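> In our numbering, the protein residues as written are -13 to 392.
Below are the structure tokens for one structure; questions will follow.
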């Protein structure tokens, strides 16, 4: 099928990603929540009624739906460039423009997490869904955007089931969740302790929370910093002086102090394990250098993972994801082709319905005119276009509805 025949309203994507642009340009293109209503107003002024704005660590894009993408593309590019303070040369060099079938494939790949920095990571898919919700809040959602994204989400589910990306962690935080599940099963029944508030430790704790962990406590030598971290993680805070008793009840211990001193040594861990009656403990050490004495490895019921260990799990997960991405792309191509076929069928059905309505109006006008060709023509024009004082004729109602969709 020819790309230009796929749908009356077509997708246009203008943006910059980690392949096309520098990080500084993407930073300049980024807009916070407060700026989005203004962007929506500018897009409407450019005759765009359906659009969303997507911004992640590796890309910033506007996805717009229109029946004349070629004419509106320069306006969208200009809006983005002006807001970011980009020169014409910078915009031309670092912004990409994607239309028609390639744009459909691009959206499907984003929804399926096949086009991010790390294949299969859910962050890009989540960002796309959040952008869709914001578009609805701003009144920029519509039937064409909903149809495209619904098909993309459905394809993403098919890719996810076939490729199994969720079972193969590709990041440090994902690897930590994986080893926690391997040892304890679902984390929702575990008690966890975060010692310190290093960035990576916070990320791992957050990933565990999103995986279902309910019972989490934060301790730090600075109580205010512990409270700040607990607020961001929506969990409890406790006193570092109570560390021995906290270790006794913790199934998962995360460390992120980076103090160059061991916060947990072998005797302390042995005492905790005995108090726990030898129920296993997972220790995830994100400190640089490490926060947990490697001598803890001698204890039968303590399972320590350093950053190197977690990186090994993540590296293997990335290798498996890359191998399975081929399966994901194959499923995605089938979904794109199915979407294109359905879009073509919908367009043909709409055109056929319009043809029948016009023919019915013609026959009615001829009958009412009693054989007077001039009168039949006048009646037909009135019924197709409507009188100014009336609510509108067939074509006015049709194109009025299309204006709302475009």
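Even glycine gets a Cβ: it sits at the ideal position worked out from N, Cα and C.
Being a predicted model, the structure only gives us computed values, none of them experimental.
Could you tell me which of 162, 360, 62 and 215 sits nearest to residue 181, measuring between CA atoms?
The candidate whose alpha carbon is nearest that of residue 181 is 215.
> Leaving out five residues on either side along the sequence, give the residues of the same chain with a beta carbon under 6 angstroms from the beta carbon of residue 65.
Same-chain partners within the cutoff: 28.
> Might you give, ordered along the chain, the residues of its own chain that have their beta carbon closer than 7 angstroms to the beta carbon of residue 221, omitting 5 neighbours on each side?
Excluding sequence neighbours, residue 221 sits near 202, 203 and 204.
> Pick out whichever of 57, 199 and 35 has its Cα sitting closest to the Cα of residue 461.
This structure leaves residue 461 out entirely; the chain is present only between -13 and 392.
> Note down the Cα distance separating residue 208 from residue 168, rounded to an integer number of angstroms.
Going from the Cα of residue 208 to the Cα of residue 168 covers about 33 angstroms.
> Kindly indicate which three-state DSSP category residue 274 falls into: helix, strand or coil?
Coil.
> May I have a chain-ordered list of the beta strand (DSSP E) segments no shorter than 3 residues that lie completely inside the stretch 6 to 70?
Segments of the beta strand (DSSP E) lying fully in the stretch 6 to 70: 36 to 41 and 45 to 52.
> Quickly, what does DSSP pair residue 247 with across the bridge? List them, please.
Answer is none; residue 247 lacks a bridge partner.
> Under the rule that 16 or more other beta-carbon atoms within 10 Å means buried, what is residue -4, buried or exposed?
Burial call: buried.
> Any idea which residues DSSP pairs residue 240 with across the strands?
Note: residue 240 sits in a beta bridge opposite 180 and 270.
> Suppose you measure from the CA of residue 105 to the CA of residue 9; what does that come to, to the nearest Å?
Whole-angstrom Cα-Cα distance: 20 angstroms.
> Run through DSSP, which three-state label would residue 222 get?
If DSSP states are grouped into helix, strand and coil, residue 222 belongs with the strands.
> Out of 253, 85, 158 and 311, point me to the one whose CA is closest to residue 47's CA.
For residue 47, the nearest C-alpha among the options comes from 85.
> Here's the rule I'm using: 16 or more other beta-carbon atoms within 10 Å means buried, otherwise exposed. How should residue 129 be labelled?
Label assigned to residue 129: exposed.
> Which residue marks the beginning of the beta strand (DSSP E) containing residue 1, and which one marks its end?
Here the beta strand (DSSP E) through residue 1 covers -4 to 3.
> I need the DSSP call for residue 197, collapsed to helix, strand or coil.
DSSP places residue 197 in coil when its eight states are reduced to three.
> Taking the CB atoms as reference points, tell me whether residue 134 and residue 163 lie closer together than 9 angstroms.
No, the Cβ-Cβ distance between residue 134 and residue 163 is not below 9 angstroms.
> Let me check one thing: in DSSP terms, what residues is residue 290 bridge-paired to?
Beta-bridge pairing links residue 290 to 269.
> Determine the DSSP secondary structure at residue 105, reduced to helix, strand or coil.
Looking at residue 105 - three-state DSSP - the assignment turns out to be coil, as it is neither helix nor strand.
> Any idea if residue 96 is buried or exposed, counting beta-carbon neighbours within 10 angstroms, 16 or more meaning buried?
Residue 96 should be labelled buried.
> Report the option in 19, 132, 251 and 368 whose CA atom is closest to the CA atom of residue 50.
Out of 19, 132, 251 and 368, 132 has the C-alpha closest to the C-alpha of residue 50.
> How about the stretch 270 to 287 and the stretch 171 to 190: do they share at least three Cβ pairs that are nearer than 8 angstroms?
Verdict: yes, contact present.
> With C-beta atoms as the reference, is residue 72 less than 9 angstroms away from residue 11?
Yes; because the gap between Cβ atoms is below 9 angstroms, this pair is in contact.
> Going along the chain, which residues of its own chain have a beta-carbon closer than 8 angstroms to the beta-carbon of residue 322, five neighbours each way excluded?
Counting only Cβ-Cβ distances below 8 angstroms, and skipping sequence neighbours, we find 87, 90, 91, 94 and 141.
> Look up residue 100 in the DSSP assignment and say whether it is helix, strand or coil.
If DSSP states are grouped into helix, strand and coil, residue 100 belongs with coil.
> If you reduce the DSSP assignment to three classes, tell me which class residue 72 lands in.
In this structure, residue 72 counts as coil in the three-state DSSP scheme.
> Which value, in whole angstroms, describes the spacing of the CA atoms of residue -2 and residue 351?
Approximately 41 angstroms, taken between the alpha carbons.
> Give me, in chain order, the residues of the same chain whose beta-carbon lies closer than 7 angstroms to that of residue 1; leave out the 5 immediate sequence neighbours on both sides.
Once the five neighbours on either side are set aside, the close Cβ partners of residue 1 are 45, 46, 47, 48, 81 and 82.
> Classify residue 265: buried if its beta carbon has 16 or more other beta carbons within 10 angstroms, exposed otherwise.
Burial call: exposed.
> Just tell me which of 279, 56, 69 and 52 has its CA closest to the CA of residue 25.
Closest option to residue 25, Cα to Cα, is 69.
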